[in-house]
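The block underneath contains the structure these notes are about, expressed in structure tokens.
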Amino acid sequence: MATIEIRSLTGEDIWPWLDALASLRIQIFRDFPYLYQGSHAYEHEYLKHYLNSHSVIVGAFDGKQLVGAATAGVLSDHDASFAETLSEAGFDPQTLLYCGESVLLPEYRGQGLGHRFFEQREAHGRALGLQFSCFASVIRPEQHPLKPSDYQPLDAFWYKRGYIPLEGVQAGFSWQDIDQPSETEKLMQIWLKVL
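UniProt numbering puts the first residue of the sequence shown at 1, with every later residue one more than the last.
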């Protein structure tokens, strides 16, 4: 088993790793359930959100290679549609840590790195004085044609971390699926945990 170093990056320390993170996002999110047809141009624009002082990228490094990463920041600094959805549900977006992506190369899974990603992000949220941690997961039909027969959803892992899906609290987010000619909107389920 490789020795993996976990490092929390903030501010300008994030900049040198944006290309590697963009590549990881494109590679990992291509798989079900996201089926994301990514581009480096979009990724660079999107990832700039994390260059502010309230955000963190928790990186997993095998030597000098970034093999996984998880992002987080104050929801009010990040995504307007998710912030609006949670505001309508009675939450102040300035009190919420938004956990964005968590991506890890397949050969490094099963070593507890997913738990460490959440631990580091949640610690960052507590250090900022935030009350809640949240994230969004895509909702796909049970019989989706691109769903692998051995697909295992991560719900049990998220419940174990103390997150619960907020009933009826869903946001729309658009991207292009790998089997579609253009972007379509997907529903995203919001999950929440008290910090």
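All C-beta atoms in this analysis are idealised placements derived from N, C-alpha and C, irrespective of residue type, glycine included.
The alpha-carbon of Lys160 is positioned some 15 Å away from that of Phe135. Nearest Cα to His124 within the set His40, Glu45 and Val58: Val58. Only residues of its own chain outside the window of five on either side were considered, and among them Val58, Ala70 and Ser102 have a CB closer than 6 Å to the CB of Phe117, listed in chain order. Beta-carbon to beta-carbon, Leu21 and Leu47 are separated by about 6 Å, close enough to satisfy the 8 Å threshold. Residue pairing from DSSP places Arg7 in a beta bridge opposite Gly59.
The C-alpha of Gln189 lies about 12 Å from the C-alpha of Tyr163. Secondary structure of Ile164 (DSSP, three-state): strand. Here Val74 is bridged, per DSSP, to Leu97.
Within the same chain, Cβ atoms closer than 6 Å to the Cβ of Val56 are found at Ser8, Thr10, Ala72 and His124, the five residues on either side in sequence being excluded. DSSP, read as helix, strand or coil, puts Lys64 in coil.
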